[in-house]
Amino acid sequence: MKTRLRIYSLPVAALAATTILLFANNLIGAKKPKVTPPPEVAAPTVPKPEIPDLEFITRLRDEEFVRGEVMDIMSHLTDDIGPRLTGSPNMKKANEWTRDQFTKWGLVNSHLEAWGTFGRGWAYQRCEVRMVSPDIMQFLALPEAWTPGTNGPIRGEVTQLVATTSADLEKYKGKLGGKIVLIGDARVPEPSEKPLFHRDDDTDLAKTAEYQIPAGGPGGPMGPVNPAMRQQFMQRFRFQRDLEKFLNDEHVGAVLDITRPPGEDGIIFVQSGGSYEKGKTITFPRITLSVEHYGRMARLLAKKVPVEVEVNVEAQFYDDDDKAYDTLAEIPGADPKLKDQLVMLGGHMDSWHAGEGATDNGAGVAVAMEAVRLLKKLGVQPRRTIRVALWSGEEEGILGSRGYVKNHFGGRPEPPAPRDENEPQFMRRPAGP
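Residue numbers (our numbering): -4 to 428.
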């Protein structure tokens, strides 16, 4: 089994080794000394390329492919600790474990750094949703982050709310109290016509290499140069805010959402259903269902068949610390002239609560950690200071890295326009120079 694990880990190990080689020229001892040309030879007009240190590269490959720990790092982060929602107890575990690992490996200034005020922590312990009439069926369901539990099992009649504008909500006013509400239409998954696995050929790779970043100006694709997309997004955002208030005022028992695409075949994509800001917590449980189970209830309701479900959610908020943290550590630079310059690497350590966050972005975190571990293990001294940063709050709007940049390097002032204050931070128009 150990041999098989090593075979599977080769691509990841290669990535860790490649990461180091990308900045190998910044390492003292990682290249051969330049050879001074004979006096009679004129200096070339074009600088000679750096000569790779093949001995260092061989040591690096041997250390990673034979004694690499990248898969052990990945396993501890995703299997032992698990999901890492920002502000949750698991995120705290991940912050502290990575800090301690950096110290163990010999990095300096390993610490947790608050990037700003986040809000409430949240985690869930149980989620059970089952239909009890006209049939009994256990549903695939997960609670949405920062929504309350049910305080024990609750039962209620199911009704469906279909609306796209705030005006559409009026016809449901006074009709939803205590009910379990389906939000939106059912969705029929598209048939699978292609194999799940596809290997890119040379043509596919060439297209990838020619990829153009969509124009969007400040703020990305939603920036001011794309007003139509921005307006569409803001309409949805404002409607969701009005819908949340409407459901609060109606005192619904619980809300059941259908998983967003591409969720199907029992796969659920779930994120947040309420605000993590203090004072803005919604009052009702909100749960995401698989497309298949949501569809069964919607079809029954379309035939005027009464449906009753039982919901039991245990969730907890954490208000002991409203800050969120990044993990940082350094390998100091050895060149007196260059040591104040930084070479940074890292990834975001937070994830959503329904999965272990392996690909997004546990893999990036593990590779970054393995890269600095290898440098310390091989005794390499960098010319410039290497700083590794593992962010939190990325899934909520790139908050951890933005806060770090603002705290250390600078940022733009808050937008002066009052209309921007209620927009998501990543949507706000940039202010200042």
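Idealized CB from N, CA, C, for every residue including glycine. Note that the structure is a prediction, hence the values are computed from the model and not measured.
| Query | Result |
| --- | --- |
| May I ask you to report which of helix, strand or coil DSSP gives K299? | coil |
| May I have a chain-ordered list of the alpha helix (DSSP H) segments no shorter than 4 residues that lie completely inside the region 281 to 330? | 286 to 297 |
| In three-state terms, what does DSSP make of E152? | strand |
| Near V300, what residues of its chain come up, given a Cβ to Cβ distance below 8 Å and the 5 sequence neighbours on each side ignored? | P129 |
| Please report the straight-line C-alpha distance between K27 and A363, rounded to a whole angstrom. | Because K27 sits at a pLDDT of 48, beneath the cut-off of 50, its placement in the model cannot be relied upon, and the point is left open. |
| For T380, which of helix, strand or coil comes out of DSSP? | strand |
| Between which two residues does the beta strand (DSSP E) harbouring V124 extend? | 116 to 128 |
| Can you tell me whether DSSP reads A89 as helix, strand or coil? | helix |
| Quick check: the region 280 to 290 against the region 236 to 256, are there 3 or more CB pairs under 8 Å? | yes |
| Roughly how many angstroms lie between the CA atoms of V124 and I52, to the nearest whole one? | 55 Å |
| Exposed or buried, what is S105 when buried is set at 16 or more other beta-carbons lying within 10 Å of its beta-carbon? | buried |
| Taking only the alpha-carbon atoms, compute the straight-line gap between T93 and P47 and give it to the nearest angstrom. | 32 Å |
| Taking just the CA atoms, how far does L135 sit from P186? | 21 Å |
| Over the uninterrupted alpha helix (DSSP H) stretch that includes S267, give me the two end residues. | Run containing S267: none; DSSP gives neither H nor E here. |
| Among L295, D321, I263, V247, which one has its Cα closest to the Cα of P280? | V247 |
| Can you tell me which of F264, G151, G144 puts its alpha carbon nearest to the alpha carbon of L284? | F264 |
| I think L80 touches W347, with their Cβ atoms under 8 Å apart; what is that distance to the nearest whole Å? | 6 Å |
| Can the beta-carbon of E365 be found closer than 7 Å to that of V65? | yes |
| What does the alpha-carbon distance come out to for the pair G269 and I277? | 6 Å |
| Taking only three categories from DSSP, how would you classify N104? | strand |
| Between A310 and G406, what straight-line distance do the alpha-carbon atoms span, to the nearest angstrom? | 36 Å |
| Rank L171, T159, E239 by C-alpha distance to the C-alpha of F228 and give the top, closest one. | T159 |
| Out of I76, D75, I178, M69, which has the shortest C-alpha to C-alpha gap to V286? | I178 |
| Of the residues D74, Q96, Q155, which one's Cα is nearest the Cα of K298? | Q155 |
| Reducing DSSP to helix, strand and coil, say where G341 ends up. | strand |
| Between the Cα of I149 and those of D330, L238, G173, D345, spot the shortest distance and give me the residue it belongs to. | G173 |
| Check each candidate in V41, W110, A358, L385 and name the one with the smallest Cα separation from D316. | W110 |
| Over the uninterrupted beta strand (DSSP E) stretch that includes Q207, give me the two end residues. | Premise fails: Q207 is in no beta strand (DSSP E) and is neither H nor E. |
| Take T73 and list the residues in its own chain whose beta-carbon comes closer than 7 Å to its own, dropping the five residues that flank it on each side. | E351, G352, A353, G357 |
| Distance check for R236 and A434, CA to CA, integer angstroms please. | One cannot answer for residue 434 here, as it falls past the ends of the chain, which runs -4 to 428. |
| Decide if R121 is buried, meaning its Cβ has at least 16 other Cβ atoms within 10 Å, or exposed. | exposed |
| If we ignore side chains and look at the alpha-carbon of each, how far apart do L370 and G77 end up? | 27 Å |
| Looking only at DSSP bridge pairs, what is M132 linked to? | M126 |
| For M69, count neighbouring Cβ atoms within 10 angstroms of its own Cβ and tell me buried if that reaches 16, exposed if not. | buried |
| Give me the DSSP bridge partner(s) of G111. | A319 |
| Would you mind working out which of G261, R397, S387, V360 sits nearest L137, comparing C-alpha positions? | G261 |
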